Amino acid sequence: MTYEMDIAGLRRELPLCKVTDDLYIGAFVMFGDVELTVHCAAELLKRAPEYDYLIAPEAKAIPLIYEMARQSGAEKYFLARKGPKAYMTGVFEVHVKSITTMDVQRLVIDTADAELINGKRILIIDDVISTGESLRAMEELVTRAGGNIVGRMAVLAEGAAQKRDDIIVLGDLPLFNPDGTVKA
Numbered sequence: 004m005t006y007e008m009d010i011a012g013l014r015r016e017l018p019l020c021k022v023t024d025d026l027y028i029g030a031f032v033m034f035g036d037v038e039l040t041v042h043c044a045a046e047l048l049k050r051a052p053e054y055d056y057l058i059a060p061e062a063k064a065i066p067l068i069y070e071m072a073r074q075s076g077a078e079k080y081f082l083a084r085k086g087p088k089a090y091m092t093g094v095f096e097v098h099v100k101s102i103t104t105m106d107v108q109r110l111v112i113d114t115a116d117a118e119l120i121n122g123k124r125i126l127i128i129d130d131v132i133s134t135g136e137s138l139r140a141m142e143e144l145v146t147r148a149g150g151n152i153v154g155r156m157a158v159l160a161e162g163a164a165q166k167r168d169d170i171i172v173l174g175d176l177p178l179f180n181p182d183g184t185v186k187a
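My numbering applies: residue 4 is where the sequence shown begins, and numbers increase by one.
So this is what it looks like as structure tokens:
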């Protein structure tokens, strides 16, 4: 089963994936789709408030944040990693459980990045916002680092996130029943 949708002027077929016995989601994956990544980055930048730095959670938003930084001429952006790396000088850490992960994950930034974020206008980027848990974790990381959140952006809002007015998105992605129909 698939769901065809228009994403800011580009048509894509999203495979429907089982989350629970009565909930399926449209799998929106930008990895490998250069046309979609470039297009969505440009469309989001048209709607972006003024900011100093972009930040996104690892991993599905990486192509998007890179392309947004490239198109805007930014020399630096930040990733909240799923775990500390050897090169990190220390970490700020929060825990998150999103709709697409089975276990609680952690997101971390290192203290060197936190020092750069401190006092700056930060724009949080993601591919899809659904439950808002990843976004909440990102907000906590930025706030703990002393950054000022000036906006939240995603390519798609899924489920309850469609009703939020604090997120700038390019489109809405419904939730699905096991038979592929859109949940009411």
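Beta carbons are placed, not taken as given, at the ideal position from N, Cα and C, and that holds for glycine. Nothing here was measured: the structure is a model prediction, and the numbers come from that model.
According to DSSP, residues forming a beta bridge with residue i
i, result
"aspartate 130", "Note: aspartate 130 sits in no beta bridge, so no partner."
"methionine 91", "Answer by DSSP bridge pairing: none, since methionine 91 is not bridged."
Residue j beta carbon less than 8 angstroms from that of residue i
i, j, result
"isoleucine 28", "glutamate 161", "yes"
"leucine 138", "arginine 155", "yes"
"arginine 124", "glutamate 53", "yes"
"valine 94", "valine 111", "yes"
"aspartate 129", "proline 60", "yes"
"leucine 159", "phenylalanine 81", "no"
"glutamate 70", "leucine 173", "no"
"serine 164", "isoleucine 170", "The displayed chain sequence assigns alanine, not serine, to residue 164. Taking 8 angstroms as the Cβ cut-off, alanine 164 and isoleucine 170 qualify as a contacting pair."
"methionine 141", "isoleucine 127", "yes"
"histidine 98", "arginine 109", "yes"
"glutamine 74", "alanine 51", "no"
DSSP state of residue i mapped onto helix, strand, coil
i, result
"isoleucine 125", "strand"
"tyrosine 56", "strand"
"tyrosine 6", "strand"
"arginine 167", "coil"
"glutamate 161", "strand"
"alanine 140", "helix"
"glutamate 78", "coil"
"aspartate 182", "coil"
Range of the contiguous alpha helix (DSSP H) that encloses residue i
i, result
"valine 32", "First-last for valine 32: undefined, no H or E at that position."
"arginine 73", "65 to 75"
Enclosing beta strand (DSSP E) for residue i [first to last residue]
i, result
"glutamine 108", "108 to 113"
"threonine 23", "13 to 23"
Any C-beta of chain B under 8 angstroms from that of residue i
i, result
"asparagine 180", "In summary, chain B is missing from the structure at hand, where a single protein chain is found."
Nearest-angstrom beta carbon gap, residue j and residue i [assumed within contact, 8 angstroms]
i, j, result
"arginine 15", "methionine 4", "About 15 angstroms; that fails the 8 angstroms criterion."
"leucine 39", "leucine 13", "6 angstroms"
"aspartate 36", "proline 181", "Going by Cβ atoms, the distance from aspartate 36 to proline 181 rounds to 27 angstroms, so no, they are not a contact pair."
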